[in-house]
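Residue numbering for the sequence shown follows my numbering, beginning at 1419 and increasing consecutively. Worksheet: one structure, shown below.
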Amino acid sequence: MTQHATAEAWVRGYERLWRTAGTDGLAELFATEISYLTSPWATPVVGLPALADFWESERSGPDESFTMTSEVIAVDGPTAVVRVSVDYGEPGGSTSRWRDLWVLEFDEDGRCVAFEEWPFAPGQPDGHEPAAAQ
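Following this line, the structure appears as structure tokens:
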């Protein structure tokens, strides 16, 4: 059973690994058979080798400038939901902002077996269409 503290520690580990060169530490956080979804509609990245390739292609490197905050919203059995805010770029400069929900499922060893991200950025279409003028 996952606890809030376990999920919080896992998210801190995720940020630490994102800021670390290479991908050798992924096995600390992710199970060998990880299914990693970058959005609910994406094709999952499956397995540690594929995840390592994905991470290397998606990040600028360990010196990438960003600020990340998170809050564990819910924990139920092996599943945790986390609200994540990430601002890429230098403070006071050009910034790319994201607000995400992460749905995480953990194995008995505390490694993530399923990662699903629901990312949102300012100006991104949200599927909401305004009511027609009457």
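Glycine is no exception: its CB is placed at the ideal position from the N, C-alpha and C atoms. The model shown is predicted, which means the values in this text are computed figures rather than measured ones.
query, result
"Tell me whether residue 1525 sits in a helix, a strand or coil according to DSSP, three-state version.", "coil"
"In the DSSP assignment, the beta strand (DSSP E) including residue 1473 goes from what residue to what residue?", "No beta strand (DSSP E) contains residue 1473, which is instead part of the alpha helix (DSSP H) from 1466-1476."
"Do you know how far the Cα of residue 1539 is from the Cα of residue 1547?", "With a pLDDT of 48 at residue 1547, under the threshold of 50, the modelled position of this residue cannot be trusted; read the value that follows with caution. One C-alpha to the other measures close to 17 Å."
"For a cutoff of 8 Å on Cβ pairs, would you count residue 1481 as touching chain C?", "Judged by its chain identifiers, the structure shown contains no chain C, having just a single protein chain."
"At the level of alpha carbons, what is the spacing between residue 1474 and residue 1440?", "8 Å"
"In the structure shown, what three-state DSSP assignment does residue 1520 receive?", "strand"
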